[in-house]
Each structure stands twice: as C-alpha cells, then as structure tokens.
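Residue numbers (this note's numbering), protein chains in the order written: chain A, 665 to 1069; chain B, 5 to 345. What follows is a short report on a single structure.
Put into structure tokens, the structure is as follows:
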C-alpha cells in the first residue's frame, strides 16, 4: 500500500514541517510513502494532506486536496487565515465569500463583503476563532487525522461525518542535552514567537509579581517578536527594561533550543485565542521533564493536571500565573511534575505508537470501503436468501456497526 | 451457575484449543455447574471472509437459553469473543495471529493490497471492541498478555490452564526425543528432523498430523533418517501417554507460541522439554537447566542439547517440571473465571 504525503518540509520553518520530518522515517518503516511536491502527484492508494493555517506553506496542499480528495491531518481547526490567503490572497474574493457563506449563511456572506470592501477589519486577524472556515477543508476530506479531542469535537460540530482518527502529536526522543549556561531561582522559560496570542503581556506582568517575591527569578524569552509587538516598551512599563532578570534570545537553532529548555525550571506556554493547535514547544518541554504552565484552553486543557498547571484566561490570569510560578519555585513540586511529564510523554506521545496509529488510519482509509462493501455484500446476500424481515435486518445492521465492521 | 464456553471450530481439526474448551466444560460440570460448549465453524479466507465469519458470533443471541439465564459466557479464541453478552469474560488462547505477529511473514495471509491491509485493520478494530466489552480478559500466558497489550491496548490477567486430563506416568527414559504437535510449519518440527541429521545418536518420534507432514517425511528421507525419525500420525490418548512415559525428552519449539500444553504434559510425565529461545510462551515454564534445555533455534544446537541429556539429568529436570505443572489447577482457574459472573 502506498501513501502520497503532502506536507511542508524543512527547510520550511513551520512546526508542521518539523512534525513531518520527525514522523516520516517512522511512518516509512510501516507503509510505503512518497512525499509530494507542488504540481507533482505521486500515484498512491491513499493521499495524506497536512493542513495548517499558513497559506504560504499549505496553499498548494489545499489545491492538491481539491483535485484529489484524501485524508486530511487537521493540525488546527481555525483556518480563516489559510482560506483568506488562498482566496483573497489570489484575487478570488468570490471564493472567500463562498467559504463565509458556507459557514454562516447570508450573514457570513455579508461579513465577507464587508471585509472585501474594507468596511470591516480583517477577520482572520481580529476574530478568526469566531469564523474558523474549516468547512471548506472538511468538505474535501475523506477522513481526518487530529491531534486532540478539541479539534475532533470542532470537526463534528461543523458537521463532519467521515472517519476521524485521533493521533497524538509525537514527542521528540529525550535528547541528552547539556543545559545552557543560564540560571535563575527559578528560571522561567517561554519559547516561540512573542505576540499577543501567546499572552506575553500577561506573562510579563506575572513575572514582575513573581520577582517581587523572589528576587532571584529570571525570565528567558526565546523567539522572534511579532511585527506589531513592542516588547521593549512593555518591559519598560513594568520596570523591567534593561533588567538582567530578562534574558532574551531571538530565533535559535534546534540544538540551542533544547539546551535552553533544559536550563529552565519551568516553562510557560500561554495561548488565547487558540486555533485548536497542538504545541510542539510544550511537547519538547515535557519530553525533557520540565513542568509546564499553560492556558486552560483547547488542546492545552487536555494535558493531564499532573504535568501542566492550567491558567484560566480571565481577569485574574496574571495573578494566577504568578501563583503557579511561585508554586513551581519549590523543587519538590517541580520534581513530581517532572516525573509525571516524562511518564506521560512516553505513554501518550511515543513516536512509534503514533506512527502505528497513522499506519492503521491510512490502511483503513485506503481499503476500508472495499472491505465494508465485501462484508456487507455477503451479509446482504445471506439476508436476502433467508428473507430476513426488517426488524432482524435492523438488528444485524446494529451488530455490524457496533463491531466496527 | 449456568455457564457457556464459546469456542470456534475448524471442521476436522482438533488441537490444544479444542481440548482446552472441552475440558473446561467438563471441569465446570464436575463442580456442579450447568455448562455447555457453544461453537461455530470458522473459516478465515479468502479476502474478507474472516470478518463475515466473525460477525456470525456477533449475531448469536445468548441473552438467555429457552428461558434460562446465562450467568457467564467464557469466550476463548478469535472470533468467539465477538459474542455479545453482558457477563462475558475472554480467556484468550490467541488472537487471529495472521493479523498480528504472523503478518508480513510467510505465515501471514494478508498481502500489501489496500483491501488486505484494511481487512487486517478491521480484525484489529473488532478485537478492540469485543475484548473491550469483557468484564475481564484473561490470557493463557504472559506472551499472549503482552501481545494483547501491544496490539490492541487490552490489559489481560495471566491465567494458564492445566493440560488435558490423562493418566500421565513415568516408565523410563528411552533414547528417543518426542515431538507432540499438529504438524504445520509454525511448529518447526523440521528443526528436530535436521537435528537428527546432525547427531547420529538422536532418535525421534513425531506424534501428530497436519499439512506439513508430507514435506517433513520427505525431508527425513532426503537426509537418510528413515530409521531414526518415526512419524506416528495422530495417536490416541493411551499411545500418547505411553510415548510420554518412555521418551527421554520432549521437543517443543513453535515460533513465538502462545502457551502450549505440551510442556505441561511432558512435565506431568516427568520429562524435560527441549525448546528454543524464540519459542514464546513455553519459555515461561521451561527454565534452562532447571526443567529442560533452551537453545538457539538451530539444528546443531538442538542436537547438542539432546545429546547432553543423560538419564539422571533428564529425570532431574523432569521432576522439577512436574512440581511446576502440578501447581496449575482447574480449581484455581475456575475460581478466577467465575468471579466475574
């Protein structure tokens, strides 16, 4: 059985490219895989399309999906940015309106017109979570792979009736890394692009509170600042400008990233709104047995309580986060979470187990319909031969359904 | 208590699984329970037939039997545990091995076609559903329990069962090694035949019948062993007990076997077991140089092991094995099974 695999790949710098680079060798040990390139469609029994929110990385993949439907790995369920990029971004405003109408009917179409006429702010920047536009992709998917219950439930809410396989995001193997030479008591890390979505203002406020109680605390911020996010001004406002307690690194290579995570006592990964995404950063943190503090939303909420402290997104967010960081300043609390994190990652996010589940999903997707036809055909012939009445046929159908046949 | 034992049946085939199911019914009755064996024929080929045949079990209505409540259903092999009952336990001898450990080996049945791959996955899915419904899943060995955990995430309690009830005895330690098995490739009796070719003093008696018999007989002829490897075919209980009573040792080395009653039978006759490092379930009771010999799965190693077993050594290992086998009783098995009624 052969799989055509559509995904951004390194050197593309997206999390999904990293994901595929990590998954593919394990998947290739189980099924034959050919990686597709833009404009090239390998012959295959089943096609697997990785869909994320970045139109530059995923536009060609959606085009291919539209030509040859297949199984979609839905990395997030809010896809407004992607849909806007491959419609408005390509001068196809009508397609954007159709996507909006599919999701919200006439109201959606009118909102879309407002966006096209510059009468409304760009919805993918201001309120994407309210208009996910995932339906366009769901219409094309013969099956879905998701990483979380959050995305699975969202797909069902949007009326998706096909098969869904929930496959956890594989974690990276625990690398033997030397912690970077950065210290704090405690050292709090935050990894990934710095923007409003990651709740950096709330993190900075919480850290200022923590530092008032624990002067040895330091905050390590790793990742590029978003265009319209002025980190320096925010630090200045909190009296942290130029403070050695703030350690800043921009984009770092993978090896340095691991080494910095290893140096941290606790890592913070807040998010709101969530697009339903799984965080590769959080999985790296847990892979190294570091306690995580996350927002109590989406996939992050699904993490077990013993591996991550969850901060509700409300008016007390910064205070709650400060309290969580204060608690995790205690080595005993960190040790218990560290053990739990390592066990959790081994149990739920093991690469081989994830690849096994992918192989199972792809094999079911490729041949499942033919198998169902064959079995149902045989049962139907037998039922017809004995003249099975409707009530008994219903019973037989029920038994078939519950057996997963 | 009214208990149904559910087991599939392959017409004209009879082996350890059939004996186990029948014995379980007998042992339940001997303890005052109403027990019956429910069976359906099983054919697992071609194509998707394995699924439609499994579905037959799903359609069996055992909610009650002519007004009598059924307190417990004990299902054994695939696909009998697909049966639907509120008080069901599975005592798994093995899953449908072609879909698991035999897959992509010469013993498998599923090709690389999309339909075959999906059929295999449907078997896997059915196992998850059917075993997931059980009040308790038991496995006859750690090997089977490990496979259940690895393949379908089902936790099983290990519950080995005693072998068939025969009048086992020890008469002598004659100069032959006995093989008791259905003769098919997975049982690897050819290793023993080749061992006889490598060791001129080794004499072999093969009891049992099966699809690989003609090939093995030809192999023995090709190696010029006609006088030293004797094929007895299917033997009756008395003859089997007699062979156990007189042999020097019993060879039992299927590849990655589930459990295997043969080592228990050998031990109850006071005989050591020759097995191999990749035999699976038998390794749970055959301890090297304690109750038998465990060698590499190579004829030369098996030949050396057989030649090293003088009578006192064979007797010592056999006695140690007997004391282990005697600890596995029907009383204990039935108490565990009925605890989930």
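The beta carbon of each residue, even a glycine, is placed where N, CA and C say it ideally should be. Computed from a predicted model, the values in this text were never measured in an experiment.
Counted as a single uninterrupted DSSP element, the alpha helix (DSSP H) harbouring residue 267 of chain B occupies residues 266 to 272. Within 8 Å of the CB of residue 86 of chain B, the CB atoms of chain A belong to 1067, in sequence order along the chain.
Under the 8 Å criterion on CB atoms, residue 1042 of chain A is classed as interfacial with respect to chain B. Against chain B, the CB of residue 1014 of chain A has no partner CB under 8 Å away; the residue lies outside that interface. Between the alpha carbons of residue 676 of chain A and residue 162 of chain B lies a gap of roughly 50 Å. The distance from the Cβ of residue 75 of chain B to that of residue 91 of chain B is about 6 Å, consistent with a contact at the 8 Å cut-off. When secondary structure is reduced to three states using DSSP, residue 344 of chain B falls in the coil class, being assigned neither helix nor strand.
Contact residues of the stretch 132 to 145 of chain B toward chain A are 132, 133, 134 (C-beta to C-beta distance below 8 Å).
Here the alpha carbons of residue 319 of chain B and residue 271 of chain B stand approximately 10 Å from one another. Here the stretch 32 to 42 of chain B makes no contact with the stretch 101 to 108 of chain B; the two share fewer than three CB pairs at distances below 8 Å. Spanning the alpha carbons of residue 737 of chain A and residue 802 of chain A requires a straight line of approximately 11 Å. The three-state reading of DSSP puts residue 92 of chain B in strand, counting E and B together. Residue 230 of chain B and residue 223 of chain B have their C-alpha atoms spaced approximately 10 Å apart. Of all alpha-carbon atoms in A:878, A:706, A:939, A:876, the one lying nearest the alpha-carbon of residue 817 of chain A is that of A:939. Between residue 332 of chain B and residue 220 of chain B, the alpha-carbon positions lie close to 34 Å from each other.
Residue 190 of chain B is not bridged by DSSP to any residue. Cβ-Cβ separation between residue 986 of chain A and residue 870 of chain A: approximately 4 Å, consistent with a contact (criterion under 8 Å). In this structure, residue 93 of chain B sits near residue 142 of chain B, with a CB-CB distance shorter than 8 Å. When rounded, the separation of the alpha-carbon atoms in residue 1012 of chain A and residue 1018 of chain A is 8 Å. Residue range 53 to 63 is occupied by the alpha helix (DSSP H) that includes residue 57 of chain B, with no beta strand (DSSP E) assigned at that position. Listed as beta-bridge partners of residue 140 of chain B by DSSP are B:93.
The Cβ of residue 129 of chain B sits closer than 8 Å to at least one Cβ of chain A. Annotated as distal: residue 916 of chain A and residue 949 of chain A, with beta-carbon spacing of 8 Å or more.
Against chain B, a Cβ distance below 9 Å from residue 1049 of chain A picks out nothing, because the smallest value is about 14 Å. When C-beta distances to chain A are compared with 8 Å, the residues of the stretch 57 to 82 of chain B below that value are 58, 59, 62, 63, in chain order. Residues of the stretch 42 to 55 of chain B with a Cβ closer than 7 Å to any Cβ of chain A, in chain order: 51, 52, 55. For the stretch 703 to 736 of chain A, the set of positions with a beta-carbon nearer than 9 Å to some beta-carbon of chain B reads 709, 710 in chain order. In terms of beta-carbon proximity, residue 94 of chain B stays away from the interface with chain A, with every pair separated by 8 Å or more. Boundaries of the alpha helix (DSSP H) harbouring residue 1018 of chain A: 1015 to 1050, taken from the DSSP string. Runs of the beta strand (DSSP E) lying entirely within the stretch 211 to 280 of chain B, each at least 3 residues long, are 233 to 237, 253 to 255, 277 to 280 in chain order.
Within the stretch 278 to 303 of chain B, the complete beta strand (DSSP E) segments at least 3 residues long are 296 to 299, listed from N- to C-terminus. At a beta-carbon threshold of 8 Å, the residues of chain B lying near residue 665 of chain A are 116, 117, 118, 121, ordered along the chain. Assignment of residue 714 of chain A by DSSP, reduced to helix, strand and coil, places it in the strand class. When Cβ-Cβ separations below 8 Å define contact, residue 126 of chain B makes contact with chain A. When the five nearest sequence neighbours on each side are left out, the beta carbons in the same chain lying within less than 8 Å of the beta carbon of residue 837 of chain A are those of 951, 1015, in order along the chain. Counting the other CB atoms within 10 Å of its CB gives residue 999 of chain A a total below 16, which places it among the exposed residues.
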